[in-house]
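Position one of the sequence shown corresponds to residue 174 (our numbering), numbered consecutively onward. Take a look at the structure set out below.
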Amino acid sequence: MPEGDTIFRAARTLHSVLAGNEVTRFESVYPSVTRIAEDHPIVGRTIESVSARGKHLLIAFSGGLILRTHMRMNGSWHIYPIDARWQRPPQDMRVLVGTRDAVAIGFNVPIAELLTTRQLHRHKELRALGPDLLARADNAEEPGNGVFDKSEVIRRLRAHTRSAIGDALLNQRIVAGIGNVFKSEILFLAGLDPFTPVSALNDADLDRLIEISHDQLAANVMSQTRTLSRHVGRRTTRSLNPREKLWVYGRRGKPCRRCGAAIRSTKTGVDARLTYWCPACQPSYSSR
Ligand SMILES: [Zn+2]
Numbered sequence: 174m175p176e177g178d179t180i181f182r183a184a185r186t187l188h189s190v191l192a193g194n195e196v197t198r199f200e201s202v203y204p205s206v207t208r209i210a211e212d213h214p215i216v217g218r219t220i221e222s223v224s225a226r227g228k229h230l231l232i233a234f235s236g237g238l239i240l241r242t243h244m245r246m247n248g249s250w251h252i253y254p255i256d257a258r259w260q261r262p263p264q265d266m267r268v269l270v271g272t273r274d275a276v277a278i279g280f281n282v283p284i285a286e287l288l289t290t291r292q293l294h295r296h297k298e299l300r301a302l303g304p305d306l307l308a309r310a311d312n313a314e315e316p317g318n319g320v321f322d323k324s325e326v327i328r329r330l331r332a333h334t335r336s337a338i339g340d341a342l343l344n345q346r347i348v349a350g351i352g353n354v355f356k357s358e359i360l361f362l363a364g365l366d367p368f369t370p371v372s373a374l375n376d377a378d379l380d381r382l383i384e385i386s387h388d389q390l391a392a393n394v395m396s397q398t399r400t401l402s403r404h405v406g407r408r409t410t411r412s413l414n415p416r417e418k419l420w421v422y423g424r425r426g427k428p429c430r431r432c433g434a435a436i437r438s439t440k441t442g443v444d445a446r447l448t449y450w451c452p453a454c455q456p457s458y459s460s461r
């Protein structure tokens, strides 16, 4: 699943290329989108902004229409100069927004809908989102996010006392922006066993965990170039060696970069997502 930093970066790049330009071409394979676009044409409108909210990407058009997409597991947004070759087959296109100079394409984006401003404000999924970790990294040009509210995240965590902290970090209703790679990396940096119930953590633990989460996502947004590809350059170790970008994610059985113990992994949750951890640096909560 794309992580918050990926979506944020995609939004920032799309915003810098598209905002202020008139739409000259709009296509979608989704009948619900095309039906609305037939009644309320997108072509001719100005792209006002592109922003990220959690893992939702919002493209706002003049006249109060917003295209909301969610990338889920396999979706991605690409942007190309008008005559450039696409890096994905045309049949993977789900939605396309073109201007005189550029074309933005949502490939395999499983969710796309056109909303009015009013519908956006009332949108259930968006309203339910926890505070966005990247809100503080936002700038004035990109509307959509407020100031990141750490105490609200702690309050929401406390409402899930029986959740394992690893599951809680992935719950976008508690805090928006963390995906599976960052989950494992953040817990390693915090020295916390991913299976620790929230109830076993004190406020200082949670405070520190949220700080680490924010710092990691923000650092990955800032350090990356104008690519929309996934996983490119994601780094948590500060190592300059490109083969040592991550502490634990994807490293099952390999020696911990800090202590040498073998990294463990297991599948958890309904999606059977992999959790990686170092049993020595992240001792079991029952032994803390
Ligand atoms: Zn270790």
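By construction, the Cβ of each residue, glycine as well, lies at the ideal position given by its N, Cα and C atoms.
Looking only at DSSP bridge pairs, what is Ile232 linked to?
In DSSP, Ile232 forms a bridge with Val223, Leu240.
Consult DSSP for Thr207 and reduce its assignment to one of helix, strand or coil.
It is helical.
Below 7 Å, is the gap between the Cβ of Arg424 and the nearest heavy atom of ligand 1?
No, the Cβ of Arg424 stays beyond 7 Å of every heavy atom of ligand 1.
Output the boundary residues of the beta strand (DSSP E) element that contains His251.
249-254 is the span of the beta strand (DSSP E), which, as asked, contains His251.
Just checking Ala453 against ligand 1 - is the residue's beta carbon closer than 7 Å to any of the ligand's heavy atoms?
Yes.
Should Arg437 be listed as close to ligand 1, given that the test is whether its C-beta is under 7 Å from any heavy atom?
False, no ligand heavy atom lies under 7 Å from that Cβ.
Is Arg431 near ligand 3, judged by its Cβ being under 7 Å from some heavy atom?
In the structure on display, ligand 3 does not appear, and the ligands it does have are ligand 1.
What's the call for Thr242, buried or exposed, on a 16-neighbour Cβ count within 10 Å?
Buried, because 16 or more other Cβ atoms sit within 10 Å of the Cβ of Thr242.
For Ile327, collect the residues of the same chain with a Cβ closer than 8 Å to its Cβ; drop the 5 residues on either side in sequence, then sort them by chain order.
Counting only Cβ-Cβ distances below 8 Å, and skipping sequence neighbours, we find Asp376, Leu379, Asp380, Ile383.
With a threshold of 7 Å, establish whether the CB of Glu363 neighbours any heavy atom of ligand 1.
In the sequence under discussion, the amino acid at residue 363 is Ala, which differs from the Glu named in the question. Ala363 Cβ: outside cutoff for every heavy atom of ligand 1.
Applying the 10 Å Cβ sphere with the 16-neighbour rule, what's the burial state of Glu221?
It counts as buried.
Please report the distance separating the alpha-carbon of Val394 from that of Asp178.
Straight-line Cα distance between these residues: approximately 6 Å.
Please determine whether the Cβ atom of Ala434 lies at a distance below 7 Å from any heavy atom of ligand 1.
True, at least one ligand heavy atom lies under 7 Å from that Cβ.
Out of Ala453, Ile209, Ile347, Asn247, which has the shortest C-alpha to C-alpha gap to Ala435?
Residue Ala453 is the option with its Cα nearest to Ala435.
Closer than 6 Å by C-beta to Leu231: which residues in its own chain qualify, once you throw out the five before and the five after it? Chain order, please.
Only Ser224, Ile239, Arg241 meet the Cβ criterion.
Determine the direct distance from the alpha carbon of Thr334 to that of Leu401, and round the result to whole angstroms.
Caution is warranted here: a pLDDT of 48 is assigned to Leu401, below 50, making its placement in the model unreliable, and the coordinate value is therefore given only provisionally. C-alpha separation (whole angstroms): 36 Å.
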